[in-house]
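Only one structure is covered here, and it is reproduced in the block below.
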Amino acid sequence: MSSSSAPARRTSIVAVAIAEVAVIGAVAVVGGSAWLLGLVIGAILGVVATLTVVGNSTETRTAAGEPAVEAQVDPVTGLPTHEKLVADLQEALDAGDDRVQTLYLFSLYGFRDYNNAYGDACGDALLVWLARKLRDAVGAYGSPYRMRGGSFALLAVGSERFTSALCASAASALSENGDGFQIYCDVGQAAVPAEATSPGAALELAARRASQHGSERHVTSGRRAPSDAIEALRMVRSRKDVATLATGIARRLGLPDAEIETIERAMHLCDVGNVAVPAAVLGYPGKINGPEWQFILLHTLVGERLLAGPLGMESVARLVRHSHERWDGLGYPDELTGNAIPLGSRIVFVCSAFHDMTSDRPHHAALEPADALAQLKRGAGSQFDPKVVEAFYAEFAGEPVEAAAA
Numbered sequence: 000m001s002s003s004s005a006p007a008r009r010t011s012i013v014a015v016a017i018a019e020v021a022v023i024g025a026v027a028v029v030g031g032s033a034w035l036l037g038l039v040i041g042a043i044l045g046v047v048a049t050l051t052v053v054g055n056s057t058e059t060r061t062a063a064g065e066p067a068v069e070a071q072v073d074p075v076t077g078l079p080t081h082e083k084l085v086a087d088l089q090e091a092l093d094a095g096d097d098r099v100q101t102l103y104l105f106s107l108y109g110f111r112d113y114n115n116a117y118g119d120a121c122g123d124a125l126l127v128w129l130a131r132k133l134r135d136a137v138g139a140y141g142s143p144y145r146m147r148g149g150s151f152a153l154l155a156v157g158s159e160r161f162t163s164a165l166c167a168s169a170a171s172a173l174s175e176n177g178d179g180f181q182i183y184c185d186v187g188q189a190a191v192p193a194e195a196t197s198p199g200a201a202l203e204l205a206a207r208r209a210s211q212h213g214s215e216r217h218v219t220s221g222r223r224a225p226s227d228a229i230e231a232l233r234m235v236r237s238r239k240d241v242a243t244l245a246t247g248i249a250r251r252l253g254l255p256d257a258e259i260e261t262i263e264r265a266m267h268l269c270d271v272g273n274v275a276v277p278a279a280v281l282g283y284p285g286k287i288n289g290p291e292w293q294f295i296l297l298h299t300l301v302g303e304r305l306l307a308g309p310l311g312m313e314s315v316a317r318l319v320r321h322s323h324e325r326w327d328g329l330g331y332p333d334e335l336t337g338n339a340i341p342l343g344s345r346i347v348f349v350c351s352a353f354h355d356m357t358s359d360r361p362h363h364a365a366l367e368p369a370d371a372l373a374q375l376k377r378g379a380g381s382q383f384d385p386k387v388v389e390a391f392y393a394e395f396a397g398e399p400v401e402a403a404a405a
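Under numbering that gives the first Met the number 0, the residue at position 376 of the sequence shown is numbered 375, and the numbers go up by one with no gaps.
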């Protein structure tokens, strides 16, 4: 596999992205959020640092001891597998098909880093997302395959001009980025039977060419634009006011100072897991469903992973994990109901909902505060803890704590 032929060339795109955030953050973040963002940067860099240790592992998570006859449909993406590609190539060669078939091999870079940093579930979600984009890109004009590890393949029939255009479309589909990652691919090709008279020879030639193209890629190709890092910082800072509301609600509900501090941190960091979500998903203007929704379901688990791991912020991580649980049990990731949801998470959920409703988003314009308050009231008892919504109203109105508690 070509993705293992040049390990020294692989720059951790996650590390590059977070390093940019660290540099900009040192200059741009002011006030009480600065130390908090520093902790998050340290957490993600801590995760990324471990990637050097596992750098020689393959990008696949296939377990040892697989059956001798492997399935020809990938269980994660639904695409035909490496084995199916070999069989299709051999069938065409045996049939004496004189049409020129071009095999394209796409070696993904950045996927292993992404999977190790954000977890197997996110890695699978990303593969499903990329596979769908690849299918849409090639349509009925080529046959896509999921290869072993972080690579895909495309088999196309037609002129060099036609297949090259199809290859460019596929390579674009297999490239992705977000606030905390960058995925890109190197491409190698082999003409069958003109350049290779066996499936093995075709795969070897395509892999070698992909590796050669990778060594020629300029170093900055995988870097994110600085504006992406600035936007990530802006989103963290924009939660300052709503974090103040969250701490006020916690005081009204009689929570001790230590819990209030934990809730404040969780309020700032509840969406840190969005670093693993593709920018196209976060910026999608319509209703999110299908593979896109899987990233949304997983972002709280990614946040928990980042906060509980290197930093040891288990109490904050627990609140972040459950910050999208609904009072009626229809939330995620664990479908907890009522008082089984940590109170801090219930507070964060209400405050986050208000923040999101009163902010411009790709799928909606910002609501007026009065309209957002009305939405919270309608959701009390289904989405939200009624007690927390009541305390939110009192805090937002600036009622004295004594009057609210009476």
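A virtual CB, placed ideally from N, CA and C, is assigned to each residue, including glycine.
The structure presented is a predicted model; accordingly, all values stated were derived computationally and were not measured.
- Between the C-alpha atoms of residue 103 and residue 387 there is a straight-line separation of about 56 Å.
- A direct Cα-Cα distance of roughly 21 Å separates residue 89 from residue 158.
- Residue 149 is classed as buried because its beta carbon has at least 16 other beta carbons within 10 Å across all chains shown.
- Rounded to the nearest angstrom, the gap between the Cα atoms of residue 173 and residue 91 is 26 Å.
- Only exposed fits residue 74, as fewer than 16 other CB atoms lie within 10 angstroms of its CB.
- The beta carbon of residue 261 is closer than 8 Å to those of 314, 315, 318, 343 in its chain, skipping five residues each way along the sequence.
- C-alpha of residue 139 to C-alpha of residue 96: approximately 19 Å in a straight line.
- Residue 181 carries a strand assignment under DSSP once its states are collapsed to helix, strand and coil.
- The beta carbon of residue 283 sits closer than 8 Å to the beta carbons of 291, 361, 362 from its chain, once the five residues preceding and following it are set aside; these are given in chain order.
- Contact check for residue 209 and residue 191: beta-carbon distance about 16 Å, past the 8 Å limit, so the pair fails to qualify.
- The three-state reading of DSSP puts residue 89 in helix, counting H, G and I together.
- For residue 162, the uninterrupted alpha helix (DSSP H) segment begins and ends at 159-172.
- DSSP assignment within the region 120-146 yields the following whole beta strand (DSSP E) runs of 3 residues or more, N-terminal first: 142-145.
- Setting aside the 5 residues that flank it on each side, residue 366 is surrounded in the same chain by 356, 357, each with a C-beta closer than 7 Å to its C-beta; the list follows chain order.
- Judged by beta-carbon spacing, residue 164 lies beyond the 8 Å limit of residue 136, meaning their Cβ atoms are not closer than that value.
- In the structure shown, residue 316 adopts helical secondary structure according to DSSP, grouped into three states.
- Within the region 287-313, the complete alpha helix (DSSP H) runs of at least 4 residues fall at 290-307.
- The distance from the Cβ of residue 323 to that of residue 335 is about 10 Å, inconsistent with a contact at the 8 Å cut-off.
- Under DSSP, residue 176 takes part in a beta bridge, and its partners are 181.
- DSSP places residue 351 inside the alpha helix (DSSP H), whose first and last residues are 342-356.
- Under the Cβ criterion (8 Å, minimum of three pairs), the region 189-204 does not count as touching the region 107-127.
- DSSP places residue 210 within a helical segment (H, G or I) once states are collapsed to three.
- Here residue 252 carries a coil assignment [DSSP, helix/strand/coil].
- Excluding the 5 residues flanking it on each side, residue 155 has same chain C-beta neighbours closer than 8 Å at 100, 101, 103, 137, 140, 141, 142, 161, 162, 165, 166, in chain order.
- Membership of residue 71 in any beta strand (DSSP E) is not indicated, and neither H nor E is assigned to it by DSSP.
- With a cut-off of 8 Å on Cβ pairs, the region 113-128 is in contact with the region 295-305, counting three or more such pairs.
- In this structure, residue 350 sits away from residue 249, with a CB-CB distance that is not shorter than 8 Å.
- Residue 243 holds the alpha-carbon nearest to the alpha-carbon of residue 266 among 243, 177, 325, 253.
- In terms of Cβ geometry, residue 76 and residue 152 do not form a close pair [threshold 8 Å].
- Within the model, the alpha-carbon separation for residue 81 versus residue 307 is close to 37 Å.
- Ranked by Cα distance from residue 352, the first of 269, 332, 183, 398 is 269.
- Judged by DSSP in its simplified three-state form, residue 104 adopts strand.
- In the DSSP assignment, residue 156 falls within the unbroken beta strand (DSSP E) covering 150-156.
- If you draw a straight line from the Cα of residue 293 to the Cα of residue 193, it comes to about 42 Å.
- Beta-bridge partners of residue 374 (DSSP): none assigned.
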